[in-house]
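Below is one structure; the comments refer to it alone.
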Amino acid sequence: MIAVEGLRLDYRTGIRRVRALDGVDLVLRRAATTAIVGESGSGKSSLVTALLRLLPPGASLSGKITVEGRNIMSLSEKELSASYRWTTVSLVLQGAMNAFTPVLTLGRQIAEVLEVHRRLSRTEAMGKAAALLEETGLPRSWTARYPHELSGGQKQRAAIAMALACDPLYLLADEPTTALDVITQAEIVTLLKGLTRWRGLGLVLVTHDLALASAVADRLVVLQAGRVVDEGPTERLLDAPGHGHTTSLLEALKTLEASDHD
Amino acid sequence: MTEIVRLDGVGHLFAGRGGIAPSRALHPLSFSLHESRSLALVGESGSGKTTLLRLILGLEEPTEGTVSLFGADPAAPGEEALRARRRCGYVPQDPFGGLPPTLSVLDAAAEPLLLPGSDIDGALARRQARELLRLCLLEESLWAARAGMSLSGGQRQRVCLARALVTDPDLLLADEPTSMQDSQTRRRLVELLQARSARGKTLLFVTHDLVLARAVTERAVVLLRGRIVEEGPTEDLLSRAIHPYTRALAAALPRLGQPLAAPPPALGPAPPGSCPFVDRCPHRMPACASAPPLRSVAEGRRAACWQEAPQKPTG
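As given, the protein sequences belong to chains V and E, one line each in that order.
The letter at position 189 of the first sequence is residue 189 when you use our numbering, and the numbering goes up by one with no holes.
To get our numbering, take the position in the second sequence, counting from 1, and add 262.
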């Protein structure tokens, strides 16, 4: 379980201070899909970076993050790299948005994660990279391909393979379907959901799209202005929102869905 | 009723250059848009939606067929094409490239009113621009900022919309104009477009989202890999689609509390000359090796599928 308590995050830009997270309390369970939903500026991406402790200089983070009973706030950079990022909590990069470096093959990029964080040899790592690509529906031989040879959806599959490389317990996916069309989006979220269920992982899907979240997640967390304003099982939240902001997000969608031109 | 846009057998081939093979963006296709009507071009990335808009605006000349915009050839040099184009407002897909970088938000919104030959003075233009910026939900604190520099993608997109609407054009061509907007803002912008249609203005709307398309348009054309696969009332395409691709588009769209359905992933590019959905279609049959023609299947509806009314997918 990931437990977040009283999480505060401030960014300093010049003389201005911006509060991105303003006392977030949250529990994310394994073997469940939780969607974190919010409009732009709600703090959802900040929450993801804070969970991975991947903050830019000038950011100050306070509060508690406990993952599987371990206090994450006290870990050193070295410990985070050796036994937390990729291995316990992993981030699905936005593959379609050029998260891969163009100059290395997919196999090399996935293998590097395994060499650094799992201390595998190059040969072992390349073998595992091929198996990971296969698990996400790509041919094993595509370890030899470069990112530009793949479509957006295929790159996103490779990004999922990379996130799974070190057998993490939780997968964080921040807008994993950005820049994909609706059919590819459905393919990717179905794949994410299937793989995490099969492997018994906790999936945390961060999205601005409440409809997408409701189609995929068991639980919804609604963020507004750096705070959790609503939280609960998906069906309950849709039927009986616990906060006015959820209601207005739902209304905006329902108006659109009910909106007939004439 | 007047035809505002008419395409007759319009196809487009981007020329190859320096060893790059030519690329077919559009197979010859025809459709028209009448005055006071609204039409959506629906399809995924690479389907040819943006190329079609550019051809209609004369920003690109088709390699086959003829385009007519307010009765003129929009790509031809001369006054007639210029007049036709000036009756259009255009919201480009990319709001990062679509704004003059040195102008303030307010001046960028007023600029279309002050083009050479305009008899509107600067003060009036700015007054109208201010009204449009308000309607497009741009906070007053942003009006002095450089439009092309310091705004977020969503804000730029709204400046582009204000620019396109400031001349109150007879035809609005909008390419995914709400793709970067929050749900609440999107709803307000949709209302803005609906109000415009209610005043009898014409709309050509590009999107991959059939629900959004239904909110703003009466009819839609579904494009896949440069071909029209289905055309009809937007409501029918969402609820009673004929072509398996249109049904897949509707099923893949996230709707509140409904499960998502994805068709089988593409096995590779569709062979040239085949139905553009052949590699993913659950109803594939041998005939699909050649592209089916677009034919009339019911009143006001056209579809390009060898199975005129394929059964609903089971399971």
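Quick reminder that beta carbons are idealized off the backbone N, C-alpha and C, glycines included.
The Cβ neighbour count for Asp430(E), taken over all protein chains shown within 10 Å, is under 16; the residue is labelled exposed.
Inclusion of Gly320(E) and Ala337(E) in the CB contact set at 9 Å is warranted, their separation being smaller than that value.
Sorting Ser292(E), Lys463(E), Ser300(E) by C-alpha distance to the C-alpha of Glu326(E) places Ser292(E) at the top. Under DSSP, Glu5(V) shares a beta bridge with Lys64(V). Here Thr105(V) carries a coil assignment [DSSP, helix/strand/coil]. Positions of the beta strand (DSSP E) runs, each at least 3 residues long and wholly inside the region 485-523 of chain E, are given as 489-495 in order along the chain. Close partners of Leu132(V) in chain E (Cβ separation under 7 Å) are lacking, with about 17 Å as the shortest Cβ gap.
In this structure, Pro168(V) is the residue among Pro168(V), Pro176(V), Pro233(V), Glu187(V) with its C-alpha nearest to the C-alpha of Glu68(V). Contact residues of the region 109-141 of chain V toward chain E are Gly137 (C-beta to C-beta distance below 7 Å). Chain E has a Cβ within less than 9 Å of the Cβ of Ser259(V). The beta carbons of Arg108(V) and Ala165(V) sit no closer together than 9 Å. According to DSSP, residue pairing for Ile15(V) in a beta bridge does not occur. Following the DSSP letters along the chain, one finds Arg268(E) inside the beta strand (DSSP E) bounded by residues 265-276. When the Cα atoms are used, Ala240(V) and Glu251(V) turn out to be separated by approximately 12 Å. Membership of Arg227(V) in the beta strand (DSSP E) is indicated by the continuous run 227-233.
The region 430-448 of chain E and the region 353-368 of chain E touch, with three or more beta-carbon pairs separated by less than 8 Å. Residue range 350-353 is occupied by the beta strand (DSSP E) that includes Val353(E), with no alpha helix (DSSP H) assigned at that position. With fewer than three CB-CB distances shorter than 8 Å, the region 140-154 of chain V does not count as touching the region 76-94 of chain V.
Contact between the region 469-483 of chain E and the region 496-506 of chain E is present: 3 or more CB-CB pairs across the two stretches fall below 8 Å. Chain V has no Cβ within less than 9 Å of the Cβ of Pro284(E). Between Gly153(V) and Thr184(V) the beta-carbon gap is near 4 Å, inside 8 Å, which marks them as a contact. If you compare the alpha carbons of His208(V), Gly200(V), Asp174(V) with that of Thr447(E), the shortest gap goes to His208(V).
Not one beta carbon of chain E lies nearer than 9 Å to the beta carbon of Lys44(V). Gly63(V) and Leu54(V) have their alpha carbons spaced roughly 15 Å apart. Taking a Cβ-Cβ threshold of 7 Å, the residues of chain V close to His470(E) are Asp181, Val182, in chain order. Any Cβ of chain V closer than 9 Å to the Cβ of Gly379(E) would place that residue at the interface, and such an atom is absent. Rounded to whole angstroms, Leu253(V) and Ala406(E) show a C-alpha spacing of 33 Å. In the DSSP annotation of this structure, the continuous segment of the alpha helix (DSSP H) that includes Leu315(E) starts and ends at 311-318.
Proximity of chain E to Thr255(V) at the Cβ level (cut-off 7 Å) is accounted for by Arg449, in chain order. A straight line joining the alpha-carbon of Gln224(V) with that of Thr364(E) spans about 34 Å. For the region 155-169 of chain V, there are no residues whose beta carbon sits under 7 Å from a beta carbon of chain E.
Put simply, of Val24(V), His245(V), Val216(V) the residue whose alpha carbon is nearest the alpha carbon of Pro233(V) is Val216(V). What Gly519(E) touches in chain V, judged by beta-carbon distance under 8 Å, is Ser214, Ala215, Thr234, Glu235, Leu238, going in chain order. Leu203(V) places its beta carbon less than 9 Å from that of Ala32(V). With a cutoff of 9 Å on beta-carbon distance, Leu288(E) and His274(E) are scored as near each other. C-alpha of Arg489(E) to C-alpha of Ser558(E): approximately 15 Å in a straight line.
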